[in-house]
C-alpha cells in the first residue's frame, strides 16, 4: 500500500490542477494580505467595536474562501483518481500485481489525504500568520486549544469530501464525478445558508431543512464548526453577528451526534469505495 | 499444470464474452492463445490475472484459485492496452512495480531486465517521452521483474517494428529455455508459430481447437510424388509400414503422412521398389491455414 500512497502523492503534485490551484492559493493569500493592509489602514480611524466586527468578517472571509479552494482542489484531484486510471487502462498493470484491491483504494485515499491535509495546514497557518502580522483581534486572542481543534475540523473538510469523491471515482467517469462532487459541496454551503436564514427568522422548519441538507452534504458543518471555534466573537460583535460561526450556519455548536454521523458518513463512503472497487471488473 | 481452467464463463449483462473456456497450460511451455477479435482471449487473460471475475466456471493459476493475490507474486503480465505513468522515468516505473511485487529496491535487477528488453541506457528518460514500442518494452521489463514462473503476454509486439518483434521472440524463447511458462496472445500468427509448443484457438468465447503445435502442423503433411511404375503393392506397403494414405494421381502419388521423419523412409521405399521419381513436393500446414480453416469453419457453422 505504501507504493500506492507514494505514487499517488507524487502523481498529484505533478498534476497541472495542483500547480494551478497552488498558484491561485498564493494569489488569494496575496489578495487577502492587500485587503487586510487597506482595511487596517482605514480602520485606524474607526471606533474599536466596528474594528472588531471588521476583523471578524475579514477573518471569516479568509477562512471560508481558503476552505473552498482546498475543497475544489481535493475534488479535482480525487475525481479521476480511480476512474481516470480505469479509463486509460493504467490500472491493468497495477491490479495484476500482488496488491489487494482494497490496498489500491486505500493507497489512493491516503496519498490524497496527506496532500489535502498538508495543503490545508499550510493555508490555515498562512492565514493565521498573516492575521497576526496585521494584528487582527480575532487572531491575537486565539488560544492554542482553539487553534488545534479548528485546524483539525478545517482539515477534515477536504478529507471527508475525499471519501465521497473516491467512492464516486469507483462508480462514475472523471468528469461526471467531479461535477457531482462540486454540486454536493455547494449543496452543503446552501444548507448552511438555509440554516442561517432559519436562525434569523427563528423558524425551526427552515432550520430543519438546512440540517437535512447538511445530512446529505455535511462538509459545511465541519467548516462552520471550525469557524465558530476559531472566531467565536464577543460582546457587541457577537450580538451583531448573531453568534454566527461563519458566514452561514445557525451559529449553534454541532451536536456530538452530528459529528458521529459525519464520521460514519466519511468512513462509510470509503468502505463503499473499497467494496465497489473490489467487486467490479477491470 | 501452471494454468487450468474448467468451463470459465463471463457475461456482461446479455452479452457473453467467454462462454466455456477450458484450457490447460503445462509448465515450461509456450502456449499460443489465438482467436479472432472479440473471441474472448483478453477477457480470459484478465480472468487469469484477477482483473475480471468469472461469472461461472473455475480455474487455477500457479496452483492457486483464480484471483488469488499470492499467485501474482510469480506472475508477469503485459496488458494489451498498456499505459504507464508517463511522468515517471523508466527507472522509477521499475522501482514502482518492484514495490508492487513486494521486491526490495535492486538497481542490478532493474539493469538486467532493461538489458533484456533492449532499454538499457534509456531508463533515465520519462516514460511519456518513450515511443510506443519503447513503452511496450518497459512494460515487458516490469513484467519480468519478479523473475516470473508464468508470463502472460497479451499482444506483446503490437507496437514493435520487425526488429523489435524478433527481439521479443528471442526473449520468449530464452524464457522457455529457463523453464518458464509463457502464455502468448498475438494476432501475428507467424510469430506464434515460431515460438509456441502448444496452441489453442478460441472463437465466440470457447475453445475450438487445441493441441501440440507440431501435431497440428503435421496434420496436413502431404507428399506429392511425380513418378511412374507405381504398383498396388507399393501402395499397400506405404499403408502397412507408415500408416500413410496414398492416392494415385494422373502423374504419380499423393501421400498423407503422420510425421515428417517418414519422408526419407518413404522416398527410400519408392526408390528401392523401382519407382521412377521425377519430382517430390512436401506440403505442410501453416498456423495461418489452420487458423483460417478452424475459424472459417466455425463462422460457417
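Protein chains in written order, with my numbering: chain B, 12 to 293; chain R, 5 to 305. Idealized CB from N, CA, C, for every residue including glycine.
When the alpha-carbon of residue 165 of chain R is set against those of R:9, R:145, R:246 and R:140, the nearest one is in R:140. Within 10 angstroms of the beta-carbon of residue 86 of chain R lie 16 or more other beta-carbons, which makes it buried.
In this structure residue 63 of chain R is in contact with residue 70 of chain R, their Cβ atoms being roughly 5 Å apart against a cut-off of 8 Å.
Listed along the chain, the chain B residues whose CB falls inside 7 Å of the CB of residue 246 of chain R amount to none; the nearest CB is some 48 Å away. In the three-state reduction of the DSSP assignment, residue 279 of chain R falls in the coil class. Going by C-alpha positions, residue 35 of chain R is about 32 Å away from residue 114 of chain B.
Judged by DSSP secondary structure, residue 259 of chain R falls within the beta strand (DSSP E) whose first and last residues are 256-260. By the neighbour-count criterion, in which a residue is buried when 16 or more other Cβ atoms sit within 10 angstroms of its Cβ, residue 150 of chain R is buried. Residue 73 of chain R reaches chain B at 109, 110 and 111, counting residues in chain order whose Cβ is nearer than 8 Å.
Residue pairing from DSSP places residue 64 of chain R in a beta bridge opposite R:8 and R:69.
In this structure, DSSP gives residue 213 of chain B a state outside helix and strand, which the three-state scheme calls coil. Contact of residue 153 of chain R with chain B by beta-carbon distance below 9 Å is absent, the smallest such distance being about 13 Å. Secondary structure note for residue 250 of chain R: its beta strand (DSSP E) is the uninterrupted segment 249-253. Identification of residues in the region 55-71 of chain R having a C-beta nearer than 7 Å to some C-beta of chain B yields 55, 56 and 57, given in sequence order. Judged by DSSP in its simplified three-state form, residue 61 of chain B adopts helix.
Per DSSP, the continuous beta strand (DSSP E) segment holding residue 20 of chain R begins and ends at 19-25. With the criterion set as a beta carbon lying under 7 Å from some beta carbon of chain B, the members of the region 82-99 of chain R are 83, 85, 86, 87, 88, 89 and 91, in sequence order. Under the Cβ distance rule, residue 64 of chain B does not count among the residues neighbouring chain R, no pair being separated by less than 7 Å.
Less than 7 Å divides the Cβ of residue 74 of chain B from the Cβ of residue 238 of chain B.
Taking a contact to require three or more Cβ pairs closer than 8 Å, the region 160-175 of chain R and the region 36-52 of chain R do not qualify as touching. A residue is called buried once 16 or more other Cβ atoms fall within 10 Å of its Cβ, and residue 285 of chain R, having fewer, is exposed. In the three-state scheme derived from DSSP, where H, G and I count as helix and E and B as strand, residue 289 of chain R is classed as coil. In the three-state DSSP reduction, residue 133 of chain B falls in the helix class (H, G or I). Around the CB of residue 138 of chain R, 16 or more other CB atoms lie within 10 Å, so the residue is classed as buried. In the structure shown, residue 232 of chain R adopts extended strand secondary structure according to DSSP, grouped into three states.
Contact between the region 281-299 of chain R and the region 220-239 of chain R is established, with three or more Cβ pairs separated by less than 8 Å. At a cut-off of 7 Å between beta-carbon atoms, residue 104 of chain B makes contact with chain R.
In summary, no residue of the region 184-217 of chain R has a CB separated from any CB of chain B by less than 9 Å. Residue state for residue 158 of chain R is assigned as strand, using DSSP reduced to three classes. The residue among R:237, R:247 and R:74 with its C-alpha nearest the C-alpha of residue 277 of chain R is R:237. By the beta-carbon neighbour count (other beta carbons within 10 angstroms, threshold 16), residue 222 of chain B is buried. It is roughly 44 Å from the alpha-carbon of residue 110 of chain R to the alpha-carbon of residue 20 of chain R. Judged by DSSP secondary structure, residue 288 of chain B falls outside any beta strand (DSSP E) and instead within the alpha helix (DSSP H) spanning 267-290. In summary, no residue of the region 27-53 of chain B has a CB separated from any CB of chain R by less than 9 Å. Residues of the region 78-106 of chain B with a C-beta less than 7 Å from any C-beta of chain R: 99, 100, 101, 103, 104, 105 and 106, listed in chain order. Between the region 282-291 of chain B and the region 9-20 of chain R, the count of Cβ pairs shorter than 8 Å is below three; the stretches do not touch.
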